[in-house]
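These notes concern the structure reproduced below.
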Amino acid sequence: MKIFVGLISLIAVLLVALAGPLYKFGMIELATAFTGFKFGVFVGIAALILLVIQLLFKRNTASVGSALISAVLAITAIAIPVSMMSTAKKVPPIHDISTDLVNPPAFVAIAPLRADAPNPAAYAGIEAAEQQREAYPDLQTLRYTQTQPELAAATKQAVENLGWELVNIDIDNGIIEATDTTAWFGFKDDIVVRITDNDSERLVDIRSKSRVGGSDLGKNAARIDTFINELDSILAE
C-alpha cells in the first residue's frame, strides 16, 4: 500500500511537472499539456484519498517519511494547476499589453517571427484595451528627460539584464524589440519599446504580447513592470 500510494503521488506530480518541458521541446501539443495538468490534479486528489485511507485503516503499512513525501507530491500536483486557475480568474483574459492604448508600439522586425503564431502581431483591439485599462490602470506612457540615444542604450542594457533576446534596435526611429522565452513551457512573448521626442522630454512606451494563448495570466503586465523598474534602475546609476 505504501509503495502504491507513493507511486500514484509521483505520477500526479510528473503529469504536471513534465507538461511544460514536453511542450517546450515539441513532444506534445499545448492542449495535451493542459490535459496533463487536469489529470495531474485528479490523480493528486486520488493519491491524497488513498493516503488518508492508508493512515486510517492500514496504519501499520505507512511510515511518517513515506506518508509525508506522498502528501507533498500530491499537494504539489494539485496546487500548481489550481494556483494558475485562480490567477486566471483574477486577471482579464487578454495577452496584449501596452502603455499606449491609443497608438500601441508596432512590431517591426518581430512581425515576421510571429507569422505562424496563433496570436497575430496586430494589436488586440479596443476590447483588450478596455480590459487592460480596468485591470492595470498604472500602466501608462513613461516620460524621461534623457536623450533618445541614452534611453535606447539604457533599454538595450535592460533587455540584456533581464535575459531577453534582443531582436532589433533602431536608434534613429527609437525602436527596440526583444523576445522573452519562459523557462517552463518555453512560451515566446514579444516586447517592443518605442522612444519618441516630445519637446523637452522623451516618451517611452512598452508593449508586450504573447504568441500563444488567450490569457497570459498577467504575465505581460508583470513583464512591463519589471522592465520599467530595471530601466529606472539603470538610468539612476
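Quick note: the sequence shown uses our numbering, first residue -2, plus one each step.
In this text, a Cβ means the ideal position worked out from N, Cα and C, and glycines have one as well.
Residue i versus residue j: straight-line alpha-carbon distance, rounded
{"i": "Leu232", "j": "Ile25", "result": "43 Å"}
{"i": "Phe39", "j": "Ala74", "result": "9 Å"}
{"i": "Asn217", "j": "Leu65", "result": "37 Å"}
{"i": "Lys86", "j": "Asn57", "result": "43 Å"}
Three-state secondary structure (DSSP) of residue i
{"i": "Ser212", "result": "coil"}
{"i": "Thr178", "result": "strand"}
{"i": "Val40", "result": "helix"}
{"i": "Ile94", "result": "strand"}
{"i": "Tyr141", "result": "strand"}
{"i": "Ser205", "result": "strand"}
{"i": "Leu53", "result": "helix"}
{"i": "Ile25", "result": "coil"}
{"i": "Glu127", "result": "helix"}
Residue i CB to nearest heavy atom of the ligand HEM below 8 Å
{"i": "Ala114", "result": "For the ligand HEM, the structure offers nothing, since it holds no ligand at all."}
CB contact below 9 Å: residue i versus chain D
{"i": "Asp194", "result": "The question asks about chain D, but that chain is absent: this structure has only one protein chain."}
C-beta atoms of residue i and residue j nearer than 9 Å
{"i": "Val201", "j": "Leu159", "result": "no"}
{"i": "Phe224", "j": "Ile192", "result": "no"}
{"i": "Pro90", "j": "Ser205", "result": "no"}
{"i": "Glu157", "j": "Leu148", "result": "no"}
{"i": "Gly17", "j": "Pro115", "result": "no"}
Anticipated Cβ contact below 8 Å, residue i with residue j, distance rounded
{"i": "Ile166", "j": "Lys185", "result": "19 Å between Cβ atoms; not a contact."}
{"i": "Ala43", "j": "Ile5", "result": "6 Å"}
{"i": "Leu47", "j": "Ala68", "result": "Rounded, the Cβ-Cβ distance is 11 Å, inconsistent with contact."}
Any 3 or more C-beta pairs closer than 8 Å across the segment 90 to 102 and the segment 118 to 126: yes
Contact the segment 100 to 111 vs the segment 160 to 180: 3+ CB pairs below 8 Å: yes
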